[in-house]
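K.L.:
For the sequence shown, position 118 (counting from the first letter as 1) is numbered 140 according to my numbering, and the numbering increases by one without interruption.
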Amino acid sequence: MGLLVFMRNLLLALCLFLVLGFLYYSAWKLHLLRWEDTTAVLLCGGRKYDKLGFLLKLDSKLPPELASKYANFSEGVCKPGYASALMTSIFPKFSKPAPMFLDDSFKKWARIRDFVPPFGIKGQDNLIKAILSATKEYRLTPALDSLSCRRCIIVGNGGVLANKSLGLKIDDYDVVIRLNSAPVKGFEKDVGGKTTLRITYPEGAIQKLEQYEKDSFFVLAGFKWQDFKWLKYIVYKEKVSASDGFWKSVATRVPREPHEIRILNPYFIQEAAFSFIGLPFNNGLMGRGNIPTLGSVAITMALHNCDEVAVAGFGYDMNSPNAPLHYYESVRMSAIKESWTHNIQRETEFLRKLVKARVITDLTSGI
């Protein structure tokens with residue numbers, strides 16, 4: 023019996039190494055992988071994986087080993103390591119360690135060192151060093167960092183949030199992440215009033231100072247080198263030039279002290295685009311249809327830094343072109359088709375995998 027158990031475990035280990043070796047070799051060494059083709063199948067131990075590395079046959083039931091591990095947790099009690107454990111079960115090459123924000127050791131992180139924005143930091147060393155020397159803080163609050171289990175929710179901007187009365191439920195999470203200029207004031211019943219992080223970029227940032235919440239971290243997602251230059255202006259309270267390579271008007275002030283400002287680790291943009299969604303690699307450069315939405319980037323970040331992950335306000339119903347795109351304005355769903363940077367169909371496929379496998383919880387059932 024002992025020999026049989028040993029042989030079974032050895033076979034499983036060999037299968038895992040085969041999967042990981044295949045994925046890394048094809049995707050990163052050769053760069054010959056057509057990111058558009060995610061239907062290829064790799065068999066291992068009776069399991070089938072697509073070319074990105076996701077398990078093809080997803081099940082809403084927990085794997086037996088995880089069902090046993092979390093069996094005694096009552097509803098509402100945070101389950102340590104839950105999201106990352108489920109992510110690993112459907113995507114074996116997932117590795118949790120990845121810092122939320124850039125810190126003063128950013129140049130040592132090989133995964134982002136050789137990529138230019140938005141997928142890395144190449145060429146931005148001096149700007150980032152100048153910003154970090156002023157902010158001097160690279161983590162969440164001590165209270166949040168000390169939690170033994172952290173529940174996070176990413177609040178999307180989708181019209182599906184309207185009239186759901188989820189405000190209190192959203193505010194119950196330890197970390198509430200909001201995106202771009204999505205307002206809170208006046209919409210608390212549906213979207214809550216708590217904000218821990220507001221992730222944005224220059225063109226997406228709130229421009230009216232009175233619309234900012236009182237307490238939250240301002241987090242830059244840098245998609246181009248001008249974004250880091252803009253953040254340096256903001257941190258040092260210097261004059262922002264409107265002609266600095268932005269595609270629309272940008273905020274010239276942010277009501278935050280330097281220690282309340284962070285830089286999102288660009289690895290999450292890279293991983294979301296190429297590893298999770300399978301967008302065109304384009305030699306690691308920004309191109310048509312290879313930029314993930316900020317929502318998918320935020321979810322990717324949360325998978326690495328939160329024990330449980332939920333979303334609300336996500337999902338694009340392309341069959342309802344006249345439905346509201348956002349919960350706070352009258353822009354219609356058809357407007358998303360005009361985006362040349364995103365691939366909404368691919369992102370939806372990725373997010374549905376996470377929901378079906380219970381990696382994330384979708385409170386508004388929009389995905």
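Ideal placement from N, C-alpha and C gives every residue a C-beta, glycine not left out.
Which residue or residues does DSSP assign as beta-bridge partners of Leu242?
P.N.:
DSSP output for Leu242 lists Thr222, Ile285 as bridge partner(s).
K.L.:
Got a sec: does the ligand MG put a non-hydrogen atom nearer than 7 Å to the Cβ of Met355?
P.N.:
Among the components modelled here there is no ligand, and therefore nothing to report on the ligand MG.
K.L.:
Give a yes or no on whether the C-beta atoms belonging to Ile389 and Thr370 are separated by under 8 Å.
P.N.:
Yes, they are a contact pair.
K.L.:
The alpha helix (DSSP H) spanning Tyr104 covers which residue range?
P.N.:
Element bounds for Tyr104: 104-112.
K.L.:
Considering only the alpha carbon of each residue, which of Glu232, Arg354, Val353 lies closest to Arg275?
P.N.:
For Arg275, the nearest C-alpha among the options comes from Glu232.
K.L.:
DSSP state of Asp266, grouped into three classes?
P.N.:
Three-state DSSP puts Asp266 in coil, outside helix and strand.
K.L.:
Quick check on the burial criterion: 16 or more other C-beta atoms within 10 angstroms. Buried or exposed for Leu190?
P.N.:
By the 10 Å Cβ count, Leu190 comes out exposed.
K.L.:
Would a C-beta distance cut-off of 8 Å place Phe240 and Ile283 closer than the cut-off?
P.N.:
Contact flag set, yes.
K.L.:
Taking contact to mean at least 3 C-beta pairs separated by less than 8 Å, is the stretch 343-354 in contact with the stretch 286-304?
P.N.:
No, they do not touch.
K.L.:
If the criterion is Cβ atoms closer than 8 Å, does the pair Ser111 and Pro85 meet it?
P.N.:
Yes; because the gap between Cβ atoms is below 8 Å, this pair is in contact.
K.L.:
Indicate the three-state DSSP secondary structure (helix, strand or coil) for Phe44 in the structure shown.
P.N.:
Bear in mind that a pLDDT of 47 at Phe44, under 50, signals an unreliable position, so the number given afterwards is only what the model happens to contain. It is helical.
K.L.:
Are at least three pairs of beta-carbons, each pair with one atom in the stretch 325-339 and one in the stretch 170-184, less than 8 Å apart?
P.N.:
At 8 Å Cβ cutoff, the stretches touch.
K.L.:
Contact check, Thr218 vs Ile199 under 8 Å by CB: the rounded distance?
P.N.:
7 Å between Cβ atoms; contact.
K.L.:
Counting only the same chain and skipping the five closest in sequence on each side, list residues whose C-beta sits under 7 Å from that of Phe76.
P.N.:
Here the set comprises Ile112, Phe113, Lys375.
K.L.:
With a Cβ-Cβ cutoff of 8 Å, do Val213 and Leu253 count as a contact?
P.N.:
Cβ atoms of Val213 and Leu253: not closer than 8 Å.
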